[in-house]
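Following: one structure in structure tokens, then a few remarks.
In the working numbering, the protein residues as written are 468 to 1015.
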């Protein structure tokens, strides 16, 4: 299914790939390393040494994770920012070149179509991107990202290139002249220069102009910021499936690792759940292809398929036992609310866990609240831990259930259409005492909700500081070809005007995670889940909150 209009979508984050902001708007100089304390510099040096080892072994995903963690601690370090961007480029190349729909597009798309895609994307960037644009730097970034591709084994292997390929020096000399002599003041100028670069690459490197145009385009997009990216046909479909809350597949959420696919979540009532897969299991083989003999990202793509088709996998449990099984792909419904119950019968404390904000979230939350009230709920603990976000409109609608009046969130972008103040409405507001649980994996739309509750002092925020992704992405299906664009269109701010990007929402009560087993090896709730325990105690009124 395709949507003609853009969707305002606060992006679902893949924490293994994306990080918080080290980005700057176009034209800003990256900061230098001066003024760093000696001990901090020693840690930075250690990070760079470890990163160099990971890069040398082509372990780009691990390098990316290292640099994104470092970027949180040292946001002013230009060297980390540069290594992050290079690692992200390699991971993005792997993402696309392990995607069958992208490989098909390279073969099937003609030159006119590739130029039309490039033109359409530049037009949307010009219209909707949240920050001011420097077109000269946009061209330069696309060319620099293509240079990364010329050092990428997967890209070079697919196109028959090597580090010593004839024509490389001629290509680089010719492109350097373009960067020196051409001035780009508009998206049209960038398009014409990109076409020239693709012609040079085809002549000197024997890579099709279509493949070069797509690589220049992909590199241009990911250089904008950490959340914008080119979407292949499959990825565009997956994005809308996430929004709709259903998809065809096995019903698992995975983290790609070098030696396998780690199962992070098993969706109830899906094929994987029916087969007994659990969080912590690792898939090491797909259709008789062992990982890493076949790249883990490629294996993850092989798990996808049409409804009713089968896939054979080998799964290793957390205890080390392995089993081979065959699963049949089918449509899986993904619930937003995964737990709703009275967690303390005596005090009538309701517990509600929301794992994402989708189209169906408002309906699910309304249904869950109705049932909790039927069961006698008088207080509520709402759990957003690990919730990576979702639809802005869903998060706003849920916040509107608890906030009687005032601003819920404000979005600000370069386009006048992105200047929006979302307001609460009086009718149907929930009155129960409220505690919201958050952690470092609560992001985006979750931060909209938590920030609104905190600023309006509607409830207590308990846990750890959130991720700090304070931006909104638009999902644009393209008319020129069956692919799409995920583009940052705005930043959002809490009702009190606090910027979420790079900062997150700080809790009213920061709970330390310390676990000490009892004699029988079990843990009381206060230690097995101290954040939940603290939330229950606070909503019951047994624990005081420091003045805000």
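Glycine included, each C-beta is placed from N, C-alpha and C at the ideal position. Predicted model only: the values in this text are computed from it and were never measured.
Within the same chain, 638, 641, 642 come within 7 Å of residue 667 by CB-CB distance, once the 5 residues on both sides are set aside.
Counting C-beta pairs closer than 8 Å gives fewer than three between the region 854-870 and the region 579-589, which falls short of the contact rule.
An exposed status is given to residue 773, since fewer than 16 other beta-carbon atoms sit within 10 Å of its beta-carbon. Rounded to the nearest angstrom, the Cβ distance from residue 959 to residue 876 is 5 Å, consistent with a contact under 8 Å. Annotation: the continuous alpha helix (DSSP H) that includes residue 510 extends over 505-523.
Taking a contact as a CB-CB distance under 8 Å, the pair residue 852 and residue 998 counts as one, their CB atoms being some 7 Å apart. Within 10 angstroms of the beta-carbon of residue 631 lie fewer than 16 other beta-carbons, which makes it exposed. Residue environment analysis places residue 906 among the buried positions, since at least 16 neighbouring C-beta atoms fall within 10 angstroms of its C-beta.
Residue 615: member of the alpha helix (DSSP H) spanning 602-616, first to last residue. Judged by their CB atoms, residue 779 and residue 753 are nearer to each other than the 9 Å cut-off. Between residue 944 and residue 703 a beta carbon distance of about 6 Å is seen, short of the 8 Å cut, so the two are scored as contacting.
For residue 835, the three-state secondary structure derived from DSSP is helix. Residue burial annotation: residue 562 is buried, with at least 16 other C-beta atoms found within 10 angstroms of its C-beta.
Burial of residue 974 is indicated by the presence of at least 16 other C-beta atoms within 10 angstroms of its C-beta.
DSSP places residue 764 in the helix class (H, G or I) of the three-state scheme. Judged by beta-carbon spacing, residue 880 lies beyond the 9 Å limit of residue 842, meaning their Cβ atoms are not closer than that value.
Under the three-state reduction of DSSP output, residue 872 falls in the coil class, being neither helix nor strand.
The criterion of a C-beta distance shorter than 9 Å is not satisfied by residue 521 and residue 513. In the same chain as residue 962, and ignoring 5 residues on each side of it, the C-beta atoms closer than 8 Å to its own belong to 873, 874, 875, 876, 877, 918, 919, 922, 923, in chain order. Here residue 959 carries a strand assignment [DSSP, helix/strand/coil].
Contact between the region 715-728 and the region 737-745 is established, with three or more Cβ pairs separated by less than 8 Å. The DSSP assignment places complete beta strand (DSSP E) segments of no fewer than 3 residues inside the region 766-803 at 777-783, 789-795, 797-800, in order along the chain. The beta carbon of residue 683 is closer than 6 Å to those of 609, 613, 661 in its chain, skipping five residues each way along the sequence. The C-beta of residue 951 has 16 or more other C-beta atoms within 10 Å across all chains shown, which makes the residue buried. CA-CA distance, residue 948 to residue 701, rounds to 13 Å. In the three-state reduction of the DSSP assignment, residue 714 falls in the strand class, which pools E and B. Taking all protein chains shown into account, residue 812 has fewer than 16 neighbouring C-beta atoms within 10 Å of its C-beta and is therefore exposed.
Pairwise C-beta distances place the region 641-659 in contact with the region 582-601, as three or more of them are shorter than 8 Å. Residue 931 counts as buried, since at least 16 other C-beta atoms from the protein chains shown sit within 10 angstroms of its C-beta. Your pair residue 730 and residue 746 checks out as a contact, with CB atoms roughly 6 Å apart and the cut at 8 Å.
Residue range 654-672 is occupied by the alpha helix (DSSP H) that includes residue 666.
Counted as a single uninterrupted DSSP element, the stretch harbouring residue 880 is not any beta strand (DSSP E), since DSSP gives it neither H nor E. If you draw a 10 Å sphere on the C-beta of residue 892, you find fewer than 16 other C-beta atoms in it, and that means exposed. In the DSSP assignment, residue 559 falls within the unbroken alpha helix (DSSP H) covering 545-564. DSSP places residue 738 in the helix class (H, G or I) of the three-state scheme. Within the same chain, Cβ atoms closer than 7 Å to the Cβ of residue 517 are found at 533, the five residues on either side in sequence being excluded.
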